[in-house]
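**Student:**
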Amino acid sequence: MITTIFDVPTPADFSFAATVHSHGWRELPPFHYDDNRHILSVPQRLRSGTTVLRLSSPDDQELIAQVESEAPLGSGDEETLRRVVRTCFRLDQDLGEFRGFIDDISGYDWVARHRLGRLLVSPTAWEDLAKTLATTNMTWSGTISMCRRLVSLGEPFAGGFCFPTPQEIAAVDPVRLAEVTKLGYRAAYLHEMATKIASGDLDVEAWREGDLPTDELYRKITALKGFGSYAAGSMLGLMGRYERLAIDSIVRRVFRDQMNGGREATDKDITAHYGRFASWAGLVMWLDVMRASLVPYLETRKPQRP
DNA sequence: TTCCAGGGGTAGA
DNA sequence: TCTACCCATGGA
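Structure follows, in structure tokens:
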């Protein structure tokens, strides 16, 4: 096994811990997070074979990537891997406007203090869509289980599997897909999406990079079977757009218990509450939801960049 | 068995 | 657009 190490510069407001723990994605295969060594592993297919990126950042000033591969990296491979790192940690996202916005709102000083706001995403939009579909109508442990089974249909490598490509999922019989993955009724939806992507009828990767208006993007996502307001709002957030709220059972519970005196609130109430955050509403809502678990965790970790 | 999940879909107003 | 209601499926 050959080991290659390189580092990727990070923005001044970057926090590795805050991003890795921004939501549950680190727990969904083929991501793997080592909680003791603070290393996120991401398998990646290259022309020269499959590699595993082991990503860490002791001081938040750069991301350190350790790559293990069976053959030396081919030309362009390192650049491909750097792109994957920048994508997953959304390093190219400029959160400056958000920092200025939230700094002016009282009661949110903890956001800047812990450099919160970056969300961990998958290497491809396809993978994020598949995982988001696996969160619908399902417990979190069930989502993890479905992702583990889904990944078993991807290309194997020493130590695990890559996330299956749309082509690989499209090639599986839908009935067998449901049996293997336990995706249930979602299997047909995933198969249909994979087939459209594989045939070129649907270009979901362009959604991330494109400059489509958010409302139009929302319509495109909700046009996919199985994607309603929650799933589409969630996907928009993973693409750096926060106008739409992804209201799920966690949001409702936390809002009720921590922000509404224990009284049940309707989705309309929640939406109205976050209205003042305008284009940052979805991000602020999610940070509020995460605050109780995330902030204490981050405070127990050694102080990093002062 | 029942109940719920990081809900979706749709008819009717 | 909003609401009420029904529907799906796995796991605890």
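The numbering used here puts the first residue of the first sequence at 1, with every later residue one more than the last. For every residue, glycine included, the Cβ atom is placed at its ideal position computed from N, Cα and C.
Output the boundary residues of the alpha helix (DSSP H) element that contains ARG176.
**Tutor:** Here residue 176 is taken as the residue at index 176 of the first sequence, counted from 1. 174-181 is the extent of the alpha helix (DSSP H) around ARG176.
**Student:** Compute the Euclidean distance between the alpha carbons of VAL254 and PHE101, then round it to the nearest angstrom.
**Tutor:** Reading the first sequence from its first residue, position 254 is the one you call residue 254. Reading the first sequence from its first residue, position 101 is the one you call residue 101. Cα to Cα, the separation comes out at about 23 Å.
**Student:** Strictly by DSSP, which residues pair up with HIS32?
**Tutor:** Taking the first sequence and counting its residues from 1, one reaches residue 32 at position 32. DSSP output for HIS32 lists SER41 as bridge partner(s).
**Student:** Name the DSSP beta bridge partners of LEU53, please?
**Tutor:** In the first sequence, counting from the first residue as 1, residue 53 sits at position 53. DSSP lists VAL42 and VAL67 as partners of LEU53.
**Student:** Our contact map puts ALA65 next to LEU81 with C-beta atoms below 8 Å; I'd like the distance itself, whole angstroms only.
**Tutor:** Start at 1 with the first residue of the first sequence, and residue 65 comes out as number 65. Start at 1 with the first residue of the first sequence, and residue 81 comes out as number 81. About 6 Å separates the two Cβ atoms, so the contact holds.
**Student:** Quick one: grab the DSSP three-state call for GLU221.
**Tutor:** As a working note, residue 221 is residue 221 in the first sequence. Residue 221 is actually Ile in this sequence, not Glu. Helix at ILE221.
**Student:** In angstroms with no decimal places, state the Cα-to-Cα distance between ASP203 and GLU192.
**Tutor:** Reading the first sequence from its first residue, position 203 is the one you call residue 203. Reading the first sequence from its first residue, position 192 is the one you call residue 192. About 14 Å.
**Student:** DSSP on GLY154, reduced to helix/strand/coil?
**Tutor:** For the purposes of this step, residue 154 is taken as the residue at position 154 of the first sequence. Coil, per DSSP.
**Student:** Kindly indicate which three-state DSSP category GLY275 falls into: helix, strand or coil?
**Tutor:** Sequence index remark: in the first sequence, residue 275 carries index 275 (1-based). Helix at GLY275.
**Student:** Under a three-way DSSP split, which group does ASP7 fall into?
**Tutor:** Position 7 of the first sequence, counted from the first residue, corresponds to residue 7. If DSSP states are grouped into helix, strand and coil, ASP7 belongs with the strands.
**Student:** Taking the alpha-carbon of ALA171 as reference, which of ASP267, MET285 and ILE197 has the nearest alpha-carbon?
**Tutor:** The count along the first sequence starts at 1 and reaches residue 171 at position 171. Checking every option, the nearest Cα to that of ALA171 belongs to ILE197.
**Student:** Output yes or no for whether 8 Å exceeds the beta carbon distance between ARG148 and PRO29.
**Tutor:** Translated into the one-based positions of the first sequence, residue 148 becomes position 148. Translated into the one-based positions of the first sequence, residue 29 becomes position 29. Cβ atoms of ARG148 and PRO29: closer than 8 Å.
**Student:** If I follow the unbroken alpha helix (DSSP H) through ALA246, where does it start and stop?
**Tutor:** By one-based count along the first sequence, residue 246 stands at place 246. Where ALA246 is concerned, there is no enclosing alpha helix (DSSP H), given that its DSSP letter is neither H nor E.
**Student:** Does DSSP put GLU192 in a helix, a strand or coil?
**Tutor:** Walking along the first sequence from the start, residue 192 turns up at place 192. GLU192 falls in the helix class under three-state DSSP.
**Student:** Buried or exposed for ASP60, please, with buried defined as at least 16 other CB atoms from any protein chain shown within 10 angstroms of its CB.
**Tutor:** Within the first sequence, numbered from 1, the residue matching residue 60 stands at position 60. The residue is buried, with at least 16 neighbouring Cβ atoms inside 10 Å.
**Student:** Helix, strand or coil for GLU205 per DSSP?
**Tutor:** Translated into the one-based positions of the first sequence, residue 205 becomes position 205. Here GLU205 sits in helix by DSSP.
**Student:** Roughly how far, in whole angstroms, is the beta-carbon of LEU63 from the beta-carbon of PHE31, given that I think they are within contact range, below 8 Å?
**Tutor:** For this step, residue 63 is matched to residue 63 along the first sequence. For this step, residue 31 is matched to residue 31 along the first sequence. Wrong, their Cβ atoms sit about 15 Å apart, outside the cutoff.
**Student:** Can you tell me whether ARG305 is buried or exposed? The criterion is at least 16 other CB atoms within 10 Å of its CB, across all chains shown.
**Tutor:** Taking the first sequence and counting its residues from 1, one reaches residue 305 at position 305. Its pLDDT being 48, under 50, ARG305 is placed unreliably by the model, and nothing is read from it.
**Student:** Pull up the CB-CB distance for VAL20 and LEU120, whole angstroms please, since I reckon it's below 8 Å.
**Tutor:** Position 20 of the first sequence, counting from 1, holds the residue named residue 20. Position 120 of the first sequence, counting from 1, holds the residue named residue 120. Right, their Cβ atoms sit about 6 Å apart.
**Student:** Which two residues bound the contiguous alpha helix (DSSP H) that contains THR132?
**Tutor:** Residue mapping note: residue 132 aligns to position 132 of the first sequence, counting from 1. Its alpha helix (DSSP H) spans residues 125-133.
**Student:** I'd like to check one pair, ALA134 with ARG186: are the Cβ atoms closer than 8 Å?
**Tutor:** Numbered from its first residue, the first sequence carries residue 186 at position 186. Numbered from its first residue, the first sequence carries residue 134 at position 134. Closer than 8 Å, so yes.
**Student:** State the DSSP-derived secondary structure class of ILE105, mapped to helix, strand or coil.
**Tutor:** The count along the first sequence starts at 1 and reaches residue 105 at position 105. Coil, per DSSP.
**Student:** Rounded to the nearest angstrom, what separates MET235 and ALA272 at their Cα positions?
**Tutor:** Within the first sequence, numbered from 1, the residue matching residue 235 stands at position 235. Within the first sequence, numbered from 1, the residue matching residue 272 stands at position 272. If I take the Cα positions, the gap works out to 21 Å.
**Student:** What does the alpha-carbon distance come out to for the pair THR165 and GLU27?
**Tutor:** Within the first sequence, the letter at position 165 stands for residue 165. Within the first sequence, the letter at position 27 stands for residue 27. Cα-Cα distance, rounded: 20 Å.
**Student:** Quick test of your reading: PHE16 and SER41, contact by CB under 8 Å. State the CB separation rounded to the nearest angstrom.
**Tutor:** One-based indexing of the first sequence puts residue 16 at position 16. One-based indexing of the first sequence puts residue 41 at position 41. Not really, about 14 Å apart at Cβ, beyond 8 Å.
**Student:** By the three-class DSSP mapping on this structure, what secondary structure does GLY160 have?
**Tutor:** The residue you call residue 160 lines up with position 160 of the first sequence. Of the three classes helix, strand and coil, the one that applies to GLY160 here is strand, per DSSP.
**Student:** DSSP state of GLU264, grouped into three classes?
**Tutor:** Counted from its first residue, the first sequence places residue 264 at position 264. Residue state, collapsed to three classes: coil.
**Student:** Rounding to the nearest angstrom, what Cα-Cα distance links SER75 and MET259 in this structure?
**Tutor:** Here residue 75 refers to the residue found at position 75 when the first sequence is read from its first residue. Here residue 259 refers to the residue found at position 259 when the first sequence is read from its first residue. Using only the alpha carbons, I get a separation of about 53 Å.
**Student:** Of the choices ARG115, PHE161 and LEU183, whose alpha-carbon is the least far from that of SER145?
**Tutor:** As a working mapping, residue 145 is identified with position 145 in the first sequence. With distances taken between Cα atoms, SER145 lies closest to LEU183.
**Student:** Distance check for THR214 and ARG256, CA to CA, integer angstroms please.
**Tutor:** Working through the first sequence from its first residue, we reach residue 256 at position 256. Working through the first sequence from its first residue, we reach residue 214 at position 214. Cα-Cα distance, rounded: 28 Å.
**Student:** Find out if the Cβ-Cβ distance for the pair PHE14, ARG115 is shorter than 8 Å.
**Tutor:** As a first step, residue 14 must be located in the first sequence, where it is residue number 14. As a first step, residue 115 must be located in the first sequence, where it is residue number 115. Closer than 8 Å, so yes.
**Student:** Assuming PHE161 contacts SER152 under a Cβ cut-off of 8 Å, what Cβ separation, rounded to an integer in Å, is found between them?
**Tutor:** Start at 1 with the first residue of the first sequence, and residue 161 comes out as number 161. Start at 1 with the first residue of the first sequence, and residue 152 comes out as number 152. Correct: roughly 6 Å between the Cβ atoms.
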